[in-house]
Amino acid sequence: MLIHENFNLQPHNSFGVSANSRYFSSVSSLEQIRQAFQFASEKRIPTYVLGEGSNTLFSKDFPGLIIKIALTGIKIDQASGVVRAAAGENWHTLVSSCMNQGLYGLENLALIPGSVGAAPVQNIGAYGIEIASLIKHVKGFDMRSGERFVLNANECYFDYRDSIFKKVGSDHLVISEVVLQLHQDWVPDLSYASRDEEFADASIETPQQLFSLVCQVRRRKLPDPKLMGNAGSFFKNPFVSAICLDELKSRYHDLVWFDTDDPGLKKLSAAWLLEKLGWKGQKNGGAEVSSMHALVLINSASATGEEISVLADRMMASVFDEFGIVLEPEVRIL
Ligand SMILES: Cc1cc2nc3c(=O)[nH]c(=O)nc-3n(C[C@H](O)[C@H](O)[C@H](O)COP(=O)(O)OP(=O)(O)OC[C@H]3O[C@@H](n4cnc5c(N)ncnc54)[C@H](O)[C@@H]3O)c2cc1C
């Protein structure tokens, strides 16, 4: 196993910020993962498990070992609809492979950047679907106990952009494989059409058409990280009580909000809150709030991770001052 010292992380994060990790290792087997954790434990340094870095902001140099997961392999069983994908595979490649082999359900999640292993971590979701609904098992290794784990979807405690893997103190859980249960028959989820004209107007009759529409909409609405560093939505949509919502609605008649399964709990559009406060296009050094989408922070001019992080802090503070609402970052900030 190769361990690099003073390693530049710029090619390994979608913000494209320059930061160094004291050590870096790309691991492609269980044995190498064990060795990497052993190395960090002997040196008494922190570890961070990295996929493709599209939901990670390096706000400063990392003083420990970055363990980049490079496990590969995809097994698609068309007869049962069960798909086993190693954590280091690319998510979008998996989505298109499954569709091309006649297994459906992932089309709404096309073109989400990142690795398979990170998908359950924040329960990736888009256009009305969350990966939790298709997960059979998540397999991996508990590096504290040295034991393997196999968790079913309930045991992963999936929630909106959340799971057991995102909880504080769960950094020792390394996902090695994600097992999905997909469908042989295509039953499209077009619930998003009620929220998006482009979906409502499109005639979607095949999984390929849905896949293409999702890719087309995403390409138009979100900056491509290869051209403009970003991590997609930087903040989660906040939840408030129905009483709090009524109070906000009385002050802001154009407030954008959504129902949840719980009648007492409503979800606010974080993008609306930020747009209302005029954040689109605001800058801090080379960091900028996208003029296309108030939730997306971009690296428009060789930003440092710290500049992006400070901009995010200012946005959160202003939302709290105006609305009394605490915005929570979706991105993992180191
Ligand atoms: C343009 C753009 C659009 C996006 N759109 C969406 C969207 O629509 N919906 C959505 O949900 N997300 C979206 N994202 C966020 C991002 O794509 C997802 O969160 C993705 O799953 C991150 O994958 P990654 O491999 O890059 O994660 P990383 O940034 O490498 O890691 C993210 C987290 O997962 C952990 N992790 C990674 N691999 C493992 C592993 N094998 N075992 C244990 N922990 C691990 C890391 O420690 C970290 O906490 C978008 C990002 C971008 C840049």
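If you're matching positions, the sequence shown starts at -17 in the numbering used here and goes up one per residue.
All C-beta atoms in this analysis are idealised placements derived from N, C-alpha and C, irrespective of residue type, glycine included.
Quiz item: Smallest Cα separation from LEU195: which of ASP206, GLY214, ALA213, TYR174?
Solution: Your numbering for residue 195 matches position 213 in the sequence shown. Comparing alpha-carbon positions, the option among ASP206, GLY214, ALA213, TYR174 lying closest to LEU195 turns out to be TYR174.
Quiz item: From VAL156 to ALA224, what does the alpha carbon distance come to, in whole angstroms?
Solution: Against the sequence shown, residue 156 aligns to sequence position 174. Against the sequence shown, residue 224 aligns to sequence position 242. Roughly 38 angstroms between the two C-alpha positions.
Quiz item: Just reading off the alpha helix (DSSP H) that SER287 is part of, what are its end residues?
Solution: As a working mapping, residue 287 is identified with position 305 in the sequence shown. It is Gly, not Ser, that sits at residue 287 in the sequence shown. Taken as a continuous stretch (DSSP letters only), the alpha helix (DSSP H) holding GLY287 covers 287 to 305.
Practice problem: Starting from the C-beta of ALA101, find all residues in its chain whose C-beta is less than 7 angstroms away, skip the five residues before and the five after it, and write them out in chain order. | Solution: Position 119 of the sequence shown, counted from the first residue, corresponds to residue 101. Excluding residues within five positions, the ones whose Cβ falls inside 7 angstroms are TRP73, ILE113, VAL160.
Self-check item: Among GLU304, ASP228, VAL222, nearest to TRP261 - alpha-carbon criterion
Solution: Counting from 1 along the sequence shown, the entry for residue 261 is found at position 279. The candidate whose alpha carbon is nearest that of TRP261 is GLU304.
Exercise. Tell me whether PHE240 is buried or exposed, calling it buried when 16 or more other Cβ atoms sit within 10 Å of its Cβ.
Key: Reading the sequence shown from its first residue, position 258 is the one you call residue 240. Exposed, because fewer than 16 other Cβ atoms sit within 10 Å of the Cβ of PHE240.
Quiz prompt | ARG314 beta carbon near ligand 1 (any heavy atom closer than 7 angstroms) | solution = Walking along the sequence shown from the start, residue 314 turns up at place 332. Yes, since a heavy atom of ligand 1 falls inside the 7 angstroms radius drawn around the Cβ of ARG314.
Quiz item: Is it right to say MET274 is buried, meaning 16 or more other beta carbons lie within 10 angstroms of its own, or is it exposed?
Solution: Within the sequence shown, numbered from 1, the residue matching residue 274 stands at position 292. Classification of MET274: exposed, given that the 10 Å Cβ count is below 16.
Quiz prompt | Best match in LYS203, VAL222, GLY63, ALA184 for proximity to THR242 [C-alpha to C-alpha] | solution = What you label residue 242 is simply residue 260 of the sequence shown in a count that begins at 1. Comparing C-alpha distances from THR242 to each of LYS203, VAL222, GLY63, ALA184 shows the shortest one belongs to VAL222.
Quiz prompt | Same chain, Cβ closer than 8 angstroms to HIS165, neighbours up to 5 away in sequence not counted | solution = Stepping through the sequence shown from its first residue, residue 165 is reached at position 183. Scanning its chain for C-beta atoms nearer than 8 angstroms, with the 5 sequence neighbours on each side dropped, one finds around HIS165 the residues GLY63, LEU85, TYR86, GLY87, in chain order.
Self-check item: Run of the alpha helix (DSSP H) containing TRP73, from where it starts to where it stops
Solution: Your numbering for residue 73 matches position 91 in the sequence shown. Counting along the chain, the alpha helix (DSSP H) containing TRP73 begins and ends at 73 to 82.
Quiz item: Looking only at C-alpha atoms, which of LEU162, SER145, LEU209, GLU229 sits nearest to GLU312?
Solution: Within the sequence shown, the letter at position 330 stands for residue 312. Of the candidates LEU162, SER145, LEU209, GLU229, the one whose C-alpha sits nearest the C-alpha of GLU312 is SER145.
Practice problem: Give the range of the beta strand (DSSP E) segment to which ARG4 is assigned. | Solution: By 1-based counting over the sequence shown, the position of residue 4 is 22. 2 to 9 is the span of the beta strand (DSSP E), which, as asked, contains ARG4.
Quiz item: What residue does the alpha helix (DSSP H) around ASP183 start on, and which one ends it?
Solution: Walking along the sequence shown from the start, residue 183 turns up at place 201. First-last of the alpha helix (DSSP H) with ASP183: 179 to 183.
Quiz item: Among PHE217, ASN(-5), LEU32, which residue has its Cα nearest to the Cα of VAL103?
Solution: Residue numbering aside, residue 103 sits at position 121 when the sequence shown is read from its first letter. For the options PHE217, ASN(-5), LEU32, the alpha carbon positioned closest to that of VAL103 is the one of LEU32.
Quiz item: For VAL313, which of helix, strand or coil comes out of DSSP?
Solution: Within the sequence shown, numbered from 1, the residue matching residue 313 stands at position 331. The answer is coil: DSSP assigns VAL313 none of H, G, I, E or B.
Practice problem: Report the residue ranges of all alpha helix (DSSP H) runs contained in full by the region 112 to 196; include only those spanning at least 4 residues, in chain order. | Solution: The DSSP assignment places 179 to 183 as complete runs of the alpha helix (DSSP H) inside the region 112 to 196, in order along the chain (cut-off: 4 residues).
Self-check item: Where the beta strand (DSSP E) through ALA213 begins and ends
Solution: Reading the sequence shown from its first residue, position 231 is the one you call residue 213. Residue range 211 to 215 is occupied by the beta strand (DSSP E) that includes ALA213.
Practice problem: Go to GLY(-13), then tell me how far its alpha helix (DSSP H) extends in each direction, as first and last residue. | Solution: In the sequence shown, residue -13 corresponds to position 5, counting from 1. Gly is not the amino acid found at residue -13; the sequence shown has Glu there. Boundaries for GLU(-13): no alpha helix (DSSP H) harbours it, while the beta strand (DSSP E) harbouring it runs -14 to -10, taken from the DSSP string.
Self-check item: Given GLU7 as reference, the closest of VAL(-1), ILE117, LEU53 once Cα atoms are compared
Solution: For the purposes of this step, residue 7 is taken as residue 25 along the sequence shown, with counting starting at 1. The sequence shown places Ser at residue 7, not Glu. In this structure, LEU53 is the residue among VAL(-1), ILE117, LEU53 with its C-alpha nearest to the C-alpha of SER7.
Quiz item: From the beta carbon of ASP303, is the nearest beta carbon of chain D less than 8 angstroms away?
Solution: Included in the structure is just one protein chain, with no chain D present.
Self-check item: Residue range of the beta strand (DSSP E) that includes ASP241
Solution: As a position in the sequence shown, residue 241 is number 259, starting the count at 1. Counting along the chain, the unbroken beta strand (DSSP E) around ASP241 starts and ends at 239 to 241.
Quiz item: Do the region 56 to 71 and the region 137 to 151 make contact, defined as three or more Cβ pairs closer than 8 angstroms?
Solution: No: fewer than three Cβ pairs fall under 8 angstroms.
Quiz prompt | Bounding residues of the alpha helix (DSSP H) (the contiguous stretch that carries ASN16) | solution = Working through the sequence shown from its first residue, we reach residue 16 at position 34. The sequence given here places Arg at residue 16; Asn does not occur at that position. Per DSSP, ARG16 belongs to the alpha helix (DSSP H) from 12 to 25.
Quiz item: Is GLU71 near ligand 1, judged by its Cβ being under 7 angstroms from some heavy atom?
Solution: Translated into the one-based positions of the sequence shown, residue 71 becomes position 89. Not so, every heavy atom of ligand 1 lies at least 7 angstroms from the Cβ.
Quiz prompt | Run of the beta strand (DSSP E) containing SER232, from where it starts to where it stops | solution = Mapped onto the sequence shown, residue 232 falls at position 250. Taken as a continuous stretch (DSSP letters only), SER232 belongs to no beta strand (DSSP E), being part of the alpha helix (DSSP H) at 224 to 233.
Practice problem: Kindly indicate the opening and closing residues of the alpha helix (DSSP H) around GLU345. | Solution: Here the chain has residues from -17 to 316 only, and residue 345 is not among them.
Quiz item: Smallest Cα separation from ASP178: which of ASN37, LYS249, GLY110?
Solution: By 1-based counting over the sequence shown, the position of residue 178 is 196. When each option's Cα is compared against that of ASP178, the closest is GLY110.
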